[in-house]
Amino acid sequence: MLDSPGFYTTHARRTAGLPGRAAHIVGIGGTTRIGSSSETALRYVLSECKSLGATTELISGPLLDLPMYDPSDDHRSPSALRLVQSLRNADGIIVSSPSYHGALSGVIKNALDYVEDMRDDPRPYFDGRAVGIVVTAFGAQGLGTTLIGLRSIIHALRGWPTPYAAAINSQAKPFANGRPANADVESQLGTVASQVVQFAAMQRLAALAAEPARDRAVMTG
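With full-length UniProt numbering, letter number 181 in the sequence shown gets 181, and the count goes up by one each step, no holes.
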């Protein structure tokens, strides 16, 4: 079945072995408090990405304690500079946010606002990159609205939200010792990881296929 995690995992494993460097997946999420449910979910997704052959980087906890984004101020803190550079290097991105009163947290929104510093890059904003979304909430009510809001933000940043997103009710105690406590949570997070890695690998394959045509154009131009 196309909607089964196994389908995406199988194809992600096949494409992960493509020539060139491994896909690099950057995860942003959690709260400034270490060990939140949204951070735990993000760590698990990144571990799944790694098992599929990708390299990963986590930006969470104190690294999210950034100054409020100010586009009129050219000064950037070391943490902000690291965030933007990490996103520039990413082939795929995972965003994991708690739901606060039916929307993503201010901490995560502020981090995403810094993507504006990538507006003049050769690959601006999240252009050409898959973005997997994870939302956690204490109760089910805020999951849908937060997910819709995050998808809208990713679209505005020219990213490609993956078809599947994870919505985790933290009231149901979804994690035990840093791992999913049940098959549903494991399946949700695994599917997000698989789709991001698969898309990143497919993009790399397309770039490799375009190189001969680009070389021919240079030679005959």
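Backbone N, C-alpha and C define an ideal beta-carbon position, used for all residues, glycine too.
DSSP beta-bridge partners of Asp100: Note on residue identity: the sequence assigns Tyr, not Asp, to residue 100. DSSP output for Tyr100 lists Ala103 as bridge partner(s).
When DSSP builds the beta bridges, which residues end up paired with Ile25? Beta-bridge pairing links Ile25 to Thr56 and Gly92.
Buried or exposed: where does Asp127 fall if 16 or more other Cβ atoms within 10 Å of its Cβ makes it buried? That one is exposed.
Residue burial classification, Leu81 (beta-carbon count within 10 angstroms, cutoff 16): Residue burial annotation: Leu81 is exposed, with fewer than 16 other C-beta atoms found within 10 angstroms of its C-beta.
Enclosing alpha helix (DSSP H) for Ala156 [first to last residue]: Note, Ala156: alpha helix (DSSP H), Leu143 to Ala156.
Cβ-based neighbour list, Ala54, same chain, cut-off 6 Å, excluding 5 preceding and 5 following: Setting aside the 5 residues that flank it on each side, Ala54 is surrounded in the same chain by Ala22, Ala23, Ile25 and Val197, each with a C-beta closer than 6 Å to its C-beta; the list follows chain order.
Here's the rule: buried if 16 or more other CB atoms are within 10 angstroms of the residue's CB, otherwise exposed. What is Gln195? Result: buried.
Using only CA atoms, which one of Arg76, Val135 and Arg204 lies nearest to Val115? Looking at the Cα atoms, Arg76 is the closest of the given residues.
Evaluate Gln188 with the Cβ neighbour count: other Cβ atoms within 10 Å of its Cβ, from every protein chain shown; 16 or more gives buried, anything less gives exposed. By the neighbour-count rule (16 or more Cβ atoms within 10 Å), Gln188 is buried.
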